[in-house]
Every structure is written in structure tokens, then in C-alpha cells.
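In case it helps, our numbering puts the sequence shown at residues 61 to 833.
Think of the CB as a built atom: it goes at the ideal place given N, C-alpha and C, for glycine as much as any other residue.
Just so it is clear, the structure is predicted and the values come from calculations on it, not from any experiment.
Each remark here refers to the structure printed beneath this line.
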Amino acid sequence: MSSLDLMVSQEAVFIGANTQANILDYDPGSEIVAYGAGTCVAIWKPIKDEKSGVYSTLKGHSRTVTGVKFVPETPFLVSIAEDDTVIVWKQANNDFSLFQTLKGHTSSVTSLAVVDSSIFATGGADGNIILWGFQEDNWTQLSNFQVQNGFFPLTLALQQLYKDSYILVIGGTNSKLYVYSVKISADSAAVSRCAVLTGHEDWIKALSFVKQEENNYILASGSQDRYIRLWRVKVDDKIDDADDDDSKLILLSNKQHKFQLAHHRVAISFDALLMGHDDWVSGLQWNPQGKLQLASSSADTAVMIWEMDKESGIWCSISRLGEMSIKGASTATGASGGFWSCLWFAKDDIEYIMASGKTGAIRTYCNGETSGNWNPKISVSGPVREVTDVKWSNQGFFMATSLDQTTRLYAQWAKDHTWHEFARPQIHGYDMVSLDHIDGSKFVSGGEEKVLRVFEMTKSISQLLQDACGVKISSHSLPESASLPVLGLSNKAEKQMEAGDYQEDNDDQEKNDYPEEKDILPPSPPLEDYLQRHTLFPEQEKLYGHGYEISSVAVSPNGNLIASTCRSNTSRHAVIRVFNAASEYQQSSQLLEGHNLTVTSLRFSSDGQYLLAVSRDRQLSVWKVVDETKALFELVELNSKAHTKIIWDCCWVKSTDHGHYFLTGSRDKSVKLWKLEDKKIQLVSSMKLQDSVTAVDCDIQNDQGRVVAGMESGAISLLSFELNKPELVLCDEFDEKITPAARVSRVGFNKHRIAVGSWDNSVRIYRLAASNP
Numbered sequence: 061m062s063s064l065d066l067m068v069s070q071e072a073v074f075i076g077a078n079t080q081a082n083i084l085d086y087d088p089g090s091e092i093v094a095y096g097a098g099t100c101v102a103i104w105k106p107i108k109d110e111k112s113g114v115y116s117t118l119k120g121h122s123r124t125v126t127g128v129k130f131v132p133e134t135p136f137l138v139s140i141a142e143d144d145t146v147i148v149w150k151q152a153n154n155d156f157s158l159f160q161t162l163k164g165h166t167s168s169v170t171s172l173a174v175v176d177s178s179i180f181a182t183g184g185a186d187g188n189i190i191l192w193g194f195q196e197d198n199w200t201q202l203s204n205f206q207v208q209n210g211f212f213p214l215t216l217a218l219q220q221l222y223k224d225s226y227i228l229v230i231g232g233t234n235s236k237l238y239v240y241s242v243k244i245s246a247d248s249a250a251v252s253r254c255a256v257l258t259g260h261e262d263w264i265k266a267l268s269f270v271k272q273e274e275n276n277y278i279l280a281s282g283s284q285d286r287y288i289r290l291w292r293v294k295v296d297d298k299i300d301d302a303d304d305d306d307s308k309l310i311l312l313s314n315k316q317h318k319f320q321l322a323h324h325r326v327a328i329s330f331d332a333l334l335m336g337h338d339d340w341v342s343g344l345q346w347n348p349q350g351k352l353q354l355a356s357s358s359a360d361t362a363v364m365i366w367e368m369d370k371e372s373g374i375w376c377s378i379s380r381l382g383e384m385s386i387k388g389a390s391t392a393t394g395a396s397g398g399f400w401s402c403l404w405f406a407k408d409d410i411e412y413i414m415a416s417g418k419t420g421a422i423r424t425y426c427n428g429e430t431s432g433n434w435n436p437k438i439s440v441s442g443p444v445r446e447v448t449d450v451k452w453s454n455q456g457f458f459m460a461t462s463l464d465q466t467t468r469l470y471a472q473w474a475k476d477h478t479w480h481e482f483a484r485p486q487i488h489g490y491d492m493v494s495l496d497h498i499d500g501s502k503f504v505s506g507g508e509e510k511v512l513r514v515f516e517m518t519k520s521i522s523q524l525l526q527d528a529c530g531v532k533i534s535s536h537s538l539p540e541s542a543s544l545p546v547l548g549l550s551n552k553a554e555k556q557m558e559a560g561d562y563q564e565d566n567d568d569q570e571k572n573d574y575p576e577e578k579d580i581l582p583p584s585p586p587l588e589d590y591l592q593r594h595t596l597f598p599e600q601e602k603l604y605g606h607g608y609e610i611s612s613v614a615v616s617p618n619g620n621l622i623a624s625t626c627r628s629n630t631s632r633h634a635v636i637r638v639f640n641a642a643s644e645y646q647q648s649s650q651l652l653e654g655h656n657l658t659v660t661s662l663r664f665s666s667d668g669q670y671l672l673a674v675s676r677d678r679q680l681s682v683w684k685v686v687d688e689t690k691a692l693f694e695l696v697e698l699n700s701k702a703h704t705k706i707i708w709d710c711c712w713v714k715s716t717d718h719g720h721y722f723l724t725g726s727r728d729k730s731v732k733l734w735k736l737e738d739k740k741i742q743l744v745s746s747m748k749l750q751d752s753v754t755a756v757d758c759d760i761q762n763d764q765g766r767v768v769a770g771m772e773s774g775a776i777s778l779l780s781f782e783l784n785k786p787e788l789v790l791c792d793e794f795d796e797k798i799t800p801a802a803r804v805s806r807v808g809f810n811k812h813r814i815a816v817g818s819w820d821n822s823v824r825i826y827r828l829a830a831s832n833p
């Protein structure tokens, strides 16, 4: 429609880093950090645009990305994934395009090592190690071999010793390190095993080389045994076997492993043992500026920086970043948190350390502002599983919930108008499916359990949103703070202290979990540590009644009625239950019956008079509120011929001046506009799109409807219609570069912004603006 001429731009992307080693990498030339996020590779510029977050997600893999590496001094970025493929991306002006897809593995690709512009190595769950070389403007396979039957590589390290001569070290599912020599020829690589290094007591997860001086290198290896071992690699033609005598009593750990590489002799020996971590060592990075310092990340949620004491030669920890680990908690016992990957880089003598963890957030530390001190910086965060619901509040912020068992609150920072995660209201023990706002401070959510839970904002979060975002929420009756019990699913409200209470209980530390920290508001959007520990909402109510997992929840505009449904294969459980929030959340005696399968979406009309439901049984139903106090409804119509396939979503047109209109989106690829008039539902307009429609929402501007439709493939279309002459017209399709990589689960309009949740683990914000004539 020519009268609706809009431009679509992407304002923000929130997507968490995968819980894999080697999932982060940095390119000094473009100052870009790339990390694996779901099936995508997320692109971020942390130095120049740290507050803007991820600006692009590269789509090419069909399963979880397990590692990314930039190829030095080239425009190439390599990513590996569980889809058995290796993808090479090419960069041009901070934009990436798919350059080549390499196939050679028959199972998940688990490890990746890059050393220079001409060669890199990959290892897979099929046990194969493949060397790839750059030949005639293409990457080709040079060699393919296995270490031994039953061994799976988890980490690789590749180091060039001389031109076309490399050393490859492989760690994996046993306690040994396997050392290979690699000699590159025109179109192949000669690979031979040279040594087997012993000493670790568990699987080896991390390897990293550093050049100490000419012909001298140090290899660091980190294991699930919690220890880091340093190995000295010496290349010297004068090395010989004269001192090798099996009759001499030599400690195994101090044994020198000697071999020939091309025309040179190489010796590897154990050098040092670093002890300090309480859990699996997951990542190792040497100082990027040439200092002999090593950073290690661990599942104990710590990054430690090690340095050798010049006088004694003993390696000591000089800095510890992250958090103190919980006593007795470990990866094996399912402890939350932990770091899975780390990265160390520098820019203009300022050093940065990044670590990614279980929550998907990347923690960033910088030592440039004050000498020697590492300070946390604004970084990126996001879901690590499929996003299932996104809902705007009337105050201008929105919440998103996900199968990563977390509900997150996003708002716009007033200082520079960038979007950030400002709270984590719910951290749960079940996957979350649906939520809706009751009022500015309360929301209700449901998930992979039979219970609905109602949460209320704390005073500290209300104050934070007001100070940082200009969002005003009445806080006179809000709880002080919330805490999550060690053995519990519910966030509990902490005791509100009246005047004088603090003086009486001043010595009782247990009554105030964070007496100093909880009232401190961060001067910027909250960092990950604050989000995890201080932004929970306390739970107010539990609502029971459903027999299976919650599938959808909706709240009336005035917040008095809560409607919910659960998964069902029979009409008995495919009912809508209604709770009266104004009467202590009492459940209505009336069950709204009629559907035969799971109700997939519920929506109240903007005036609160009607409730719309759509279902997997291809039917839609409209119910009229006849008594809000008793939460009683009457059925207006149950339309059994609404669509030919599953109806995934629905929404009301937010205007009653021209009557009640609503839209539905279905697996039959159509979006339909309906009108409710004289207690009858009439089909007004229908439009077929390119794929199954999984999410739909609508906004009204000057009697012109704007409809956003999300699809199974991740594509997003913008439609429009005139209320005076309602006919759906396709206006625009979002650029594929800014759309999600998987199914769009929910879309939400808020004036000129659209929030989108997707099964590619992302929450995205788009802005609509009138294009210049």
C-alpha cells in the first residue's frame, strides 16, 4: 500500500552465548568479537559500540554452533557446529557473507584451531581430525586422520614452528595429550604422531600455545581434573638423544619427548603445575601483548590470571575475576553458573578479558582505566534457549520468557537510548512458555508445570527503572527485595522493615542478605552479577487447576481477569480457566469449553469486553465477559472453519471506533482479518504469505492498521489495512539479514517498535519509521 511507506531498522539483538569452549574470538583489525549463539554467529563491537550490543547474527548453520575463530590477517571467520559442517565467512566493511561450507565430518564438529592464514584444524565427534588449507582461493581438505578408536577430540592447538612445518596438539576424552608433526605440501599434509604427554587425570578441555622466545614455546593445557599444566616446547638442531637412557630413574612427568620435524629437532617437557580452580578448567588464553601471563576460566565461575615469579620460578595467581564458587558445588552436581569460554585481547594498551557462562551473558573486564585493576564493563546478554513469549507493558518496557527457565525485563536506557536487560524477574526450575502483565509492577507466567505464578516488582527495581529509563511505577507497597531459596522454585519476598526495625536487628545478618549491596543502584545498565543476584521479583501467588503444562496466559487490560490454558489432546483439558485477580485470584466456577486440542493463544480485546482463543484444532472462539466480578463469560461463536491447519496466534485490533476486529495466523500460511458484529464473526480479508504464520500482532495509527506477521522460517512480513475499507495488503518483508534464523514465536507492537522472540534464542527490537519521500 503506497500510503504506508515505512523503513524497518534493527535496534537491538539479545542472544546468549552457547555453553561451549572456544565460543568467543576477537579480530584486532575490525575490532569485532564473534561468538556462537544458538545456530547463529553473533557479531559485536565491544570497544566502539559496547552499549549497542550485538548488531548482526550470521545464519548458515542448522544446529548449535560449537566454536568460532578468526583467521589472522585475512577477512575470514570460521565457525563449527553440531550440523557436521564447517562454515567460512568473509568479512567486508564489518559485514559478513557466507564464503564456503566445508564438509568432511560425519558428526558434530567439536573443536577448532587456527594459527595463520593458510591452515586450520577441526575435530569432530566422529573421532576425525581434519586439516584444511587455503589453496587457489578456496579452502580444501589437506588431511584426515584419527587419534585412536573411541577417542573424541575436545580441544586442538596448532603452532607454526617453521614455514610449512607445524605442531598439532590434541586433547579430548582421556587424560593424555597427543602431539603430531604436520608438514604442508602443495595439496596435502603429512601428519605423524611424535609424542604422548601424560600427567592429567581427566578429560582435557583447553589448550593454548605462546611463543616465549626464539625457538621456545609454552603449551598450556587445562583439564576437568581442575589443574593446568604447562609444557615447554624447544626447537633446536643441537637436541640429540645422548641423554636418553632407559636405565636411568627419571620421573615420568619430567621426561623429555624428542622428535624430528622437517630438518629440526623438537623437545617437549613438563614445566609447571598450576593449582587454584575448584572445578573444570574450560578455557586458556595467553596475554595478547607478549607478557608471560595466562588467563584461565573455569566452571567455578572464576577467571584467574597467572604469572611466573621471577625469583622462584613458581607460577602464582595475580588476579581473580568473576565470583567465589559455592562450597560443594560442581559441574558434576549441576551447579548453576560457571564459565565455559574466555577471551583476552588488547587495544591501545588497554586489555580486555571476556568470559561466557551458563546464563548466556558475556562478562567483560577492562584494566585500562585504573592501573592494574580489572573493572567490569557493560556487555551483552540474552537467552540461551528458545524464546517463547514477549509482552510489552504499558510503561514502555517489555518482558521475554524462554525455555532457558528465565524471564528477562528489557528497557531503554534514557542516557543514550540503547536497549538493555534491566532485570531477571524469574529464574525457575521449569521451562517457561507464556507470560502477561497484570499491571506496571505485577506479571503472571506459566510454563512446563501445571501452575501459574504471580510476581511483583521490588522497590529497588522500580527505582532503577525510574532513574535509568524514566519509567515511573508506584512503589509505595512494593516488597523490598527477593531471594531464591537453595531448595526451591519460588522467589520469596524478604521481610519489609519498618522504621526502627533495622536498629533492632542490626546484629542479625541473616535477616538481610545483602545489607549494603541491595540498595546500590548501578550507574549504568546493570551488569551480569547484579542481574543474577539482585533483580528477582518475589512470588505473590500460585494459581492451580490445570492438569497439564501451561500453553498460554492472557490478562485483561484492567488487570482483573487472568485467562489460561494448558496442553491437551482431548476436549476435557482443552478448556480455558479464568482467575479473578481483583478477588485474591479466585478461580471462576465456569470453564470455557469448546476446543478439542491445545489452545495456542489467548487475547483480551483492548476494552476488556471479549476474550479470543485459537487452537491446534483449527478453530477460533470468542467469549464475551458478562460478569467481571464473578469472572463469567458467554460464548459468542466457535468458528470451526477458521483455517485449514493449526492456528498459532491471534490478536485484537486496538481500536473500537469502527467495531471489534481481530487477526489470526495459521500454519496454512495465511493471515486473516475478522470482524465481530451483532454477535457474529465475519471474515473480512485474508492474505497468503510465504510460510506458516506463527506469530501476529497489530497496531493502529490514524485509522490505519499495521500488522506484523512472524513465520516458521524466521521471516517477518509487514501488512496493512484501512479501517474504513479493511483489506489486508502486503507492505514489506524484513531484510533477511536482520530476521531470526528460526521460528518466530511471538511478536509485539508498541507504537513504532516491534519486539520479536524466536526459537533461535534471540529477542530482537525493530523500529518502524516513515521513509523520506
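Would you identify the three-state DSSP class for residue i, choosing helix, strand or coil?
i: R593; result: helix
i: A528; result: helix
i: Q70; result: strand
i: D588; result: The question names Asp, but residue 588 is Glu in the sequence shown. Correct three-state label for E588: helix.
i: K510; result: coil
i: I103; result: strand
i: S248; result: coil
i: Q523; result: helix
i: S268; result: strand
i: A614; result: strand
Between residue i and the rest of its own chain, which residues show a CB-CB distance below 7 Å, the 5 nearest in sequence each way excluded?
i: K578; result: Interpretation of K578 is limited by its pLDDT of 42, a score under 50 that renders its predicted location unreliable; no figure is taken from the coordinates.
i: G506; result: V493, S494, L512, I610, V613 and S624
i: T134; result: S177
i: Q569; result: Residue placement at Q569 is poorly supported in this model, since its pLDDT is 32, which falls under 50; the coordinates are not used for a value here.
Figure out for me which residue from the options has the closest Cα to the Cα of residue i.
i: G259; options: V242, E273, K271 and S281; result: S281
i: F722; options: S401, K740 and K407; result: K740
i: P786; options: E772, P800 and G765; result: G765
i: A327; options: M335, L596, H317 and L321; result: H317
i: A641; options: S628, N618 and H633; result: N618
i: L680; options: L662, T233 and W192; result: L662
i: V768; options: C710, D717, W734 and N762; result: C710
i: A152; options: K243, S648, S90 and M364; result: S90
i: Q80; options: P132, L118, L692 and T170; result: T170
i: Q206; options: W708, S643, Q219 and G184; result: G184
i: V450; options: A77, D285, K510 and N810; result: N810
i: I278; options: W346, S746, D296 and K418; result: W346
Should residue i be labelled buried (16 or more other beta-carbon atoms within 10 Å of its own) or exposed?
i: C529; result: buried
i: I227; result: buried
i: I374; result: exposed
i: L672; result: buried
i: K163; result: exposed
i: E371; result: exposed
i: N784; result: exposed
i: Y86; result: buried
i: Y847; result: Outside the displayed span of the chain (61 to 833) sits residue 847, for which this structure offers no information.
Mind checking if residue i is an interface residue toward chain C, Cβ cutoff 8 Å exclusive?
i: P213; result: The chain inventory of the structure shown lacks chain C, comprising one protein chain alone.
By DSSP's criteria, residue i is part of a beta bridge. Which residues make up the other side?
i: F664; result: L671
i: G770; result: A755 and I776
i: C254; result: According to DSSP, which records beta bridges pairwise, C254 is partnered with nothing at all.
i: L790; result: L779
i: Y287; result: Paired residue(s): none; Y287 is not in a bridge.
i: H260; result: Paired residue(s): none; H260 is not in a bridge.
Please go through the same chain and pick out, in chain order, the residues whose beta-carbon is closer than 6 Å to the beta-carbon of residue i, but skip the five residues on each side of it.
i: V834; result: No information on residue 834 is available, as it lies outside the stretch 61 to 833 that the chain covers here.
i: L587; result: P436
i: G654; result: S681 and L698
i: G98; result: D820 and N821
i: S631; result: N656
i: S357; result: S342, G343, V363, F399, C402 and A415
i: L478; result: First, the amino acid is wrong: residue 478 is Thr here, not Leu. Within the same chain, T478 has close Cβ partners K111 and S112.
I'd like the list of long-range same chain contacts for residue i, defined as Cβ closer than 8 Å, with 5 residues on each side in sequence excluded.
i: S157; result: W149 and K150
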